[in-house]
Amino acid sequence: MKSDQKLAASFRDPSGFLFRRGGKLYRQVNKIYQPNYDSLVKSGLFQKLTDAGMLIPHKEVQVEPEGPALAYCVLEPELVDFISYPYEWSFSQLKDAALLTLAIQKQALDTGLSLKDASAYNIQFQHGRPLLIDTLSFEIYKEGQPWVAYRQFCQHFLAPLALMALTDIRLSQLMRVYIDGIPLDLASKLLPGSSRLNFGLASHIHLHAQAQKRYADKGVSASQTSGRGVSKMGLLGLLDSLEGTVNGLKWLPSGTEWGDYYDSTNYSRSAFDDKSLAIKEFMARLQPKKVWDLGANTGFFSQIAAEQGALALAFDIDPAAVEKNYQDIKKRKETRNLPLLMDLTNPSPAIGWQNAERDSLSARGPADLVLALALVHHLAISNNVPLPMVAEYFSTIGRWLVVEFVPKDDTQVQRLLASREDIFDHYNADEFVQALSTYFELRETHPVKDSRRMLYLLENKTNG
Amino acid sequence: MAICTSAASHLIGIPLYLDPGSGSFLLQILLAALLGIAFAVKIYWKKIKALFTGKKEPAENIVAIESIKSPADASDEK
Numbered sequence: 001m002k003s004d005q006k007l008a009a010s011f012r013d014p015s016g017f018l019f020r021r022g023g024k025l026y027r028q029v030n031k032i033y034q035p036n037y038d039s040l041v042k043s044g045l046f047q048k049l050t051d052a053g054m055l056i057p058h059k060e061v062q063v064e065p066e067g068p069a070l071a072y073c074v075l076e077p078e079l080v081d082f083i084s085y086p087y088e089w090s091f092s093q094l095k096d097a098a099l100l101t102l103a104i105q106k107q108a109l110d111t112g113l114s115l116k117d118a119s120a121y122n123i124q125f126q127h128g129r130p131l132l133i134d135t136l137s138f139e140i141y142k143e144g145q146p147w148v149a150y151r152q153f154c155q156h157f158l159a160p161l162a163l164m165a166l167t168d169i170r171l172s173q174l175m176r177v178y179i180d181g182i183p184l185d186l187a188s189k190l191l192p193g194s195s196r197l198n199f200g201l202a203s204h205i206h207l208h209a210q211a212q213k214r215y216a217d218k219g220v221s222a223s224q225t226s227g228r229g230v231s232k233m234g235l236l237g238l239l240d241s242l243e244g245t246v247n248g249l250k251w252l253p254s255g256t257e258w259g260d261y262y263d264s265t266n267y268s269r270s271a272f273d274d275k276s277l278a279i280k281e282f283m284a285r286l287q288p289k290k291v292w293d294l295g296a297n298t299g300f301f302s303q304i305a306a307e308q309g310a311l312a313l314a315f316d317i318d319p320a321a322v323e324k325n326y327q328d329i330k331k332r333k334e335t336r337n338l339p340l341l342m343d344l345t346n347p348s349p350a351i352g353w354q355n356a357e358r359d360s361l362s363a364r365g366p367a368d369l370v371l372a373l374a375l376v377h378h379l380a381i382s383n384n385v386p387l388p389m390v391a392e393y394f395s396t397i398g399r400w401l402v403v404e405f406v407p408k409d410d411t412q413v414q415r416l417l418a419s420r421e422d423i424f425d426h427y428n429a430d431e432f433v434q435a436l437s438t439y440f441e442l443r444e445t446h447p448v449k450d451s452r453r454m455l456y457l458l459e460n461k462t463n464g
Numbered sequence: 465m466a467i468c469t470s471a472a473s474h475l476i477g478i479p480l481y482l483d484p485g486s487g488s489f490l491l492q493i494l495l496a497a498l499l500g501i502a503f504a505v506k507i508y509w510k511k512i513k514a515l516f517t518g519k520k521e522p523a524e525n526i527v528a529i530e531s532i533k534s535p536a537d538a539s540d541e542k
């Protein structure tokens with residue numbers, strides 16, 4: 001295998017690319033991009049944005065470039081703790097990423113630069129906040145120049161946000177299908193008619209879609225533009241309008257008050273406290289750096305992991321739970337939590353060119369520790385996943401596992417069985433432990449006080 | 465599309481790696497003309513209001529006003 005590796009996610013932009021060498025991540029800046037890169041640094045914009053936590057910091061390093069013939073210099077960027085994608089973000093995460101992109105573009109214009117792309121994939125969540133990770137996104141701005149990334153911004157941010165807020169929150173998943181953002185004609189078709197009364201949406205989505213259709217495969221002559229471009233004032237007005245439109249989009253789960261969203265567990269306070277204490281003790285003992293909390297709900301147990309110093313990824317299938325978790329984290333200014341939307345029965349696949357541009361969830365692992373609390377019955381009973389397959393999946397994504405088993409006589413499981421025939425003869429604690437033992441060593445069993453639930457601490461056999 | 469890209473490139477003066485799209489490009493020119501005026505009115509109105517109310521201008525508007533007053537010609541830096 002080649003020791004140096006060009007990353008499959010960075011091939012479109014001729015300005016440069018990412019590569020790995022000796023376990024480190026580097027970014028080659030190509031000669032073609034030199035004036036833009038120099039301007040980013042000399043204008044002070046790089047310093048300003050990195051100081052404000054808006055752009056990923058890097059250092060210039062004396063490392064042999066991966067493509068020496070094209071190279072201007074090599075950068076070593078700060079590593080992002082966990083790469084996530086827009087189809088895994090809650091509404092407010094995508095909204096914050098959109099607002100960051102616009103804020104950066106405004107600051108860039110102020111220093112004589114402009115963003116040449118506005119891809120949602122260029123934003124990542126680090127230390128609890130969105131961050132632009134593509135240092136090569138800037139170009140020298142020339143008076144009259146339109147915003148080249150206007151269309152991309154509308155497709156990557158505005159269209160999904162509008163669809164999530166006004167049509168259905170689940171439409172964020174269209175981002176998984178359309179890797180360069182949601183086509184505007186599709187967004188226009190799916191949005192409610194009332195969205196045409198919103199000036200921003202009417203112009204940036206509906207009219208935009210019509211303009212695209214009208215001029216598809218047609219060129220633009222100089223007479224159509226009257227030889228003019230876009231004045232700086234016009235550009236600032238456009239950005240102000242986009243910002244206002246994004247800010248005006250809000251989403252609250254229908255019929256749900258946030259207050260009702262706290263875990264409605266069916267077990268006693270003492271059982272809950274006992275479970276929390278046990279988790280805390282496991283975390284303190286193992287000191288995991290990365291914890292994946294599967295079925296995290298609003299992130300109560302992820303928070304315990306984060307408080308112990310871990311980077312805690314809180315995955316949940318419910319967009320409302322992820323949204324609530326993100327808003328709480330923002331309020332508390334947490335830096336070690338990342339809530340993400342994930343359907344574990346169909347986790348994020350590898351997508352894009354050669355299925356290599358965006359990684360699958362598994363490829364972004366393994367975690368030091370997987371937390372699977374009150375989850376297994378959903379997988380085994382609601383989704384008919386046999387217990388040995390549940391155990392196998394856990395073994396592929398984590399070095400350690402803390403898993404809760406909720407027995408059949410628990411009212412939560414009874415609820416799942418209420419509307420269907422009980423075909424789950426094998427669903428019991430003994431068979432579950434047996435299934436786990438194929439892949440894991442059982443290190444501790446903790447019966448949860450005042451309940452019939454069990455917590456197991458297991459170590460992956462491949463660790464040793 | 466090739467003509468569009470060359471028209472956009474002509475305005476921008478550099479090769480583009482993203483296709484701005486003909487329709488998006490024309491719409492942007494149209495919208496920017498309208499929104500630019502609205503934005504100018506908005507920030508100058510805020511400035512005038514600030515004169516009378518004595519309220520300080522939010523930092524981001526100052527940035528916008530300053531940048532319009534003295535458009536930085538980044539090409540000089542080359």
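Residue numbers (the working numbering), protein chains in the order written: chain A, 1 to 464; chain B, 465 to 542.
Even glycine gets a Cβ: it sits at the ideal position worked out from N, Cα and C.
Burial is judged here by how many other beta carbons sit within 10 angstroms of a residue's own beta carbon; Leu-277(A) has fewer than 16 and is exposed.
Assignment of beta-bridge partners to Val-74(A) by DSSP yields Gln-28(A) and Val-61(A). With respect to the 8 Å criterion, Asp-293(A) and Leu-371(A) are classified as neighbours on the basis of their beta carbons. Taking the C-beta atoms as reference points, Tyr-439(A) is found nearer than 8 Å to Ser-395(A). At a C-beta separation below 7 Å, Ile-512(B) has no neighbours in chain A, since its nearest C-beta there lies roughly 17 Å away. Counting C-beta atoms within 10 angstroms of its own C-beta, Gly-487(B) has 16 or more neighbours from the protein chains shown and is therefore classed as buried.
Boundaries of the alpha helix (DSSP H) around Ala-278(A): 269 to 286. Proximity of Asp-240(A) to chain B, defined by a Cβ-Cβ separation below 8 Å, is satisfied. For Gly-487(B), the enclosing alpha helix (DSSP H) covers residues 486 to 517. Setting aside the 5 residues that flank it on each side, Ala-271(A) is surrounded in the same chain by Val-448, Lys-449, Asp-450 and Ser-451, each with a C-beta closer than 6 Å to its C-beta; the list follows chain order.
Only exposed fits Thr-517(B), as fewer than 16 other CB atoms lie within 10 angstroms of its CB.
Contact check for Asn-297(A) and Ala-320(A): beta-carbon distance about 10 Å, past the 8 Å limit, so the pair fails to qualify. Secondary structure note for Lys-232(A): it is in no beta strand (DSSP E), and the uninterrupted alpha helix (DSSP H) holding it is 232 to 248.
Listed as beta-bridge partners of Asp-316(A) by DSSP are Leu-341(A). Under the criterion of beta carbons closer than 8 Å, Ser-437(A) and Glu-88(A) do not qualify as touching, at roughly 32 Å. For the stretch 494 to 511 of chain B, the beta-carbon criterion of a distance under 8 Å to any beta-carbon of chain A is satisfied by Leu-495, Ala-496, Ala-497, Leu-498, Leu-499, Gly-500, Ile-501, Ala-502, Phe-503, Ala-504 and Lys-506.
In the structure shown, Leu-45(A) adopts helical secondary structure according to DSSP, grouped into three states.
Counting only runs that start and end inside the stretch 162 to 224 of chain A, there is no beta strand (DSSP E) element of at least 3 residues.
As the crow flies, the alpha-carbon of Arg-12(A) is around 36 Å from that of Pro-288(A). Closest option to Ser-362(A), judged by alpha-carbon separation, among Glu-334(A), Leu-102(A), Glu-392(A) and Leu-379(A): Glu-392(A). The secondary-structure analysis by DSSP pairs Leu-379(A) with nothing; it has no beta-bridge partner.
Between Val-230(A) and Gly-144(A), the gap from beta carbon to beta carbon is short of 8 Å.
Taking C-beta atoms under 8 Å as the contact rule, Pro-86(A) and Ile-56(A) fail to qualify, at a distance of about 17 Å. Between the stretch 57 to 76 of chain A and the stretch 17 to 37 of chain A there are three or more inter-stretch CB-CB distances shorter than 8 Å, so the stretches are counted as touching. At least one C-beta of chain B is nearer than 8 Å to the C-beta of His-208(A). Boundaries of the alpha helix (DSSP H) harbouring Thr-411(A): 411 to 417, taken from the DSSP string.
Close CB contacts of Gly-181(A) within its chain, under the 6 Å cut and outside five residues either way in sequence, are with Gln-155 and His-156 (chain order). Chain-order list of chain B residues neighbouring Ser-188(A): empty, with the shortest C-beta distance near 12 Å, by a criterion of under 9 Å. Of all alpha-carbon atoms in Ser-90(A), Lys-250(A), Gln-212(A) and Leu-313(A), the one lying nearest the alpha-carbon of His-127(A) is that of Leu-313(A).
The stretch 16 to 31 of chain A makes contact with the stretch 128 to 138 of chain A; the number of CB pairs closer than 8 Å reaches 3 or more. The count of Cβ pairs closer than 8 Å, one atom from the stretch 328 to 335 of chain A and one from the stretch 401 to 413 of chain A, stays below three, leaving the stretches out of contact.
Going by beta carbons, Ala-187(A) and Ile-205(A) fall inside the 8 Å limit.
With the criterion set as a beta carbon lying under 7 Å from some beta carbon of chain B, the stretch 18 to 33 of chain A has no members that meet it. Cβ neighbours of Tyr-326(A) within its own chain (closer than 6 Å, five residues either side excluded): Ser-90, Ser-92, Gln-93 and Pro-339. The Cβ atoms of Ala-497(B) and Gly-234(A) sit closer than 8 Å to each other.
Listed in chain order, the non-local C-beta contacts of Ile-317(A) below 6 Å within the same chain comprise Asp-343, local neighbours out to five positions each way being set aside.
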